[in-house]
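Visitor:
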Amino acid sequence: MNKLLFLILASCLAFSTAALEARDWPMFRGDPLQTGYSPENLPEKPELLWQIKLPEGLETTPAIVGNRVYATALDSHLYCLRLEDGGEIWRYKARGPIKSSPTVAGETVFFGDESGRFHAVDANSGRPKWHFETEAAIISSPNWHDEAVFFGSNDQFLYCLEKASGQLRWKFETEGYINGSPGFSNGKVLVAGCDGYLRSLSLADGKEVRRADLGDYVACTPAVSGARAFVGSFGNEVLGVSLADTSVLWRYQHPKRKFPFYASPAVSQEVVVIGGRDKFVHALNQATGEALWTHQTRARIDSSPVIAGTTVFLGDMRGLLLGLNLSDGKVIWQYQSGSEFIGSPAVAQGKLLIGGTNGALFCFGAP
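Residue numbering for the sequence shown follows the numbering used here, beginning at 7 and increasing consecutively.
1. For Trp347, which of Trp299, Val115, Leu326 and Asp201 has the nearest alpha-carbon?
2. Looking only at its own chain, which residues have a Cβ that is under 7 Å from the Cβ of Leu332, when we skip the five neighbours before and after it?
3. Is the beta carbon of Phe236 closer than 8 Å to that of Tyr223?
4. Quick one: using the 10 Å Cβ neighbour count with 16 as the cut-off for buried, is Leu174 buried or exposed?
5. Quick check on DSSP: helix, strand or coil for Arg283?
6. Tell me where the beta strand (DSSP E) around Ser109 begins and ends.
7. Is DSSP giving Cys226 helix, strand or coil here?
8. Could you pull the DSSP bridge partners for Pro134 from this structure?
9. To the nearest angstrom, how far is it from the Cα of Ser191 to the Cα of Gly246?
10. Checking 8 Å against the spacing of the C-beta atoms, do Ala305 and Trp31 come in under that value?
11. Report the rounded CA-to-CA distance for Val98 versus Ser208, giving the unit in angstroms.
12. Just to confirm, are Ala154 and Lys169 a CB contact at a threshold of 8 Å?
13. Return the residue from the list Glu243, Lys336 and Ser187 that minimises the CA-CA distance to Lys262.
14. Would DSSP call Ser343 helix, strand or coil?
15. Assuming Tyr258 contacts Ala297 (C-beta within less than 8 Å), just tell me the rounded distance between them.
16. Taking only three categories from DSSP, how would you classify Asp219?
17. On the DSSP letters alone, give me the boundaries of the beta strand (DSSP E) that Ser208 sits inside.
18. Which residue spans inside the stretch 240 to 265 form an unbroken beta strand (DSSP E) run of at least 3?
19. What residues in its chain sit with their C-beta under 6 Å from that of Ala225, if we drop five residues either side in the sequence?
20. What's the C-alpha gap between Leu367 and Pro351?
21. What three-state label does DSSP hand Ser231 in the structure shown?
22. Quick check on the DSSP output: the beta strand (DSSP E) that includes Gly371 runs from which residue to which?
23. What does Phe178 pair with, by DSSP beta-bridge criteria?
24. With DSSP as the reference, identify every bridge partner of Asn149, one or two as the case may be.
25. For Ala233, which residues in the same chain have their Cβ closer than 7 Å to its Cβ, ignoring the five residues on either side in sequence?
26. For Lys264, does the count of other Cβ atoms within 10 angstroms reach 16, so buried, or fall short, so exposed?
27. Let's see if you can read the secondary structure: which residues bound the beta strand (DSSP E) around Tyr85?
28. Nearest to Ser131 by alpha carbon, out of Ile338, Trp299 and Cys86?
29. Quick one: is the Cβ of Gln57 within less than 7 Å of any heavy atom of the ligand HEM?
30. Can you give me the start and stop residues for the beta strand (DSSP E) that Ser190 sits inside?
31. In chain order, which continuous runs of the beta strand (DSSP E) of length 3 or greater are located wholly inside the stretch 46 to 79?
32. When you compare each of Glu50, Pro38 and Trp56 to Phe370 by their alpha carbons, which one comes out closest?
33. State the Cα-Cα distance for the pair Gly102 and Thr294, rounded to the nearest angstrom.
34. For the beta strand (DSSP E) that contains Ile95, what are its first and last residues?
35. Might you give, ordered along the chain, the residues of its own chain that have their beta carbon closer than 6 Å to the beta carbon of Met323, omitting 5 neighbours on each side?
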């Protein structure tokens, strides 16, 4: 058994015990650690089960909870749909276009909009619960811990609010936009942004504990695996960072293709997978940053990959959906959609959903 295959099998075993039992996908990267991982093995060649067309594009990742799908779109609406067939249950109108992926926590859906308003919406009825105003657009997708919800804004602040009321607990000012989502590790909240730092903050009061200098600005969401975080930068690098002391453990660059990383990484125990604007998918060793394999596509990749069992799924800017073997990067499945992908896949309940910039929302699975 080759080393990478062994790591993948070990990864599936370890992650399956930590994964959400309900197999939901309640937020942008699937879980509070922002792993982009699901233990579900989808069919080797998923089939299109349904497709709907919304009035404007989707640049976000849908949330899947139970038999419902929650999707945010550039037409300023949050949609609640049936997972079975894409039928609409309700829609909620925000104040501006939405590039923030929805997060479902209990009976509430959270997201921000381009006007700077952060929304809390009843997940069952679509009625507003509360809203909170920031000073600039919100692209960051929310995360939550206990009774608090966290998100970043282009006003350069990371916010911590009461989930139930929207009351401000604390806010922390960075030195640049925060486009990515915060994550958590060992009682700390992690955030990276356009100031080029990965910061570790106290959950209780938002005070900075330590930070890592990443060397260039970051638009993606860090993924956490064990004692490490992984992030791509506009300095054309992928970095592994120790969460014990925020030291940079390694930096990876493709030897020839020097392009930024906008997409967020996915992690599966010992493997990091990320797509780049260099038109490559990169699989790296978590401990060393060594390239395990690369796969070249025909377009840049801004859509963040997900790992479902032993398959990597992602979309590119030419509308191609790919399923790659996690062990070697070989193509298992592909589907030409006719839409560019900036939003990322969500995997739950045996299905894969992804939205396109033309307003199409696709659902794949077993026939």
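All C-beta atoms, glycine included, are put in the ideal place defined by N, C-alpha and C.
Guide: On the basis of the supplied data:
1. What sits at residue 347 in the sequence shown is Phe, not Trp. Among Trp299, Val115, Leu326 and Asp201, the Cα nearest to that of Phe347 belongs to Leu326.
2. Ile14, Ser274, Val277, Ile313, Thr316, Thr317 and Val318
3. no
4. exposed
5. coil
6. Inspection of the sequence shows that residue 109 is occupied by Thr rather than by Ser. Segment Thr109 to Ala111, the beta strand (DSSP E) holding Thr109.
7. coil
8. Val127
9. 15 Å
10. no
11. For the sequence presented, residue 98 should be read as Tyr rather than Val. Roughly 34 Å separates the two Cα atoms.
12. yes
13. Glu243
14. coil
15. 7 Å
16. strand
17. Tyr203 to Ser208
18. 244 to 248 and 254 to 258
19. Asn185 and Tyr268
20. 10 Å
21. strand
22. Ala366 to Gly371
23. Leu164
24. Phe156
25. Ser248, Leu249 and Ala250
26. exposed
27. His83 to Arg88
28. Cys86
29. Because no ligand of any kind appears in the structure shown, any question about the ligand HEM cannot be addressed here.
30. Just to set this straight, residue 190 is Phe in the shown sequence, not Ser. Taken as a continuous stretch (DSSP letters only), the beta strand (DSSP E) holding Phe190 covers Gly189 to Ser191.
31. 53 to 59, 69 to 71 and 74 to 78
32. Trp56
33. 43 Å
34. Glu94 to Lys99
35. Ala305, Arg306 and Glu346
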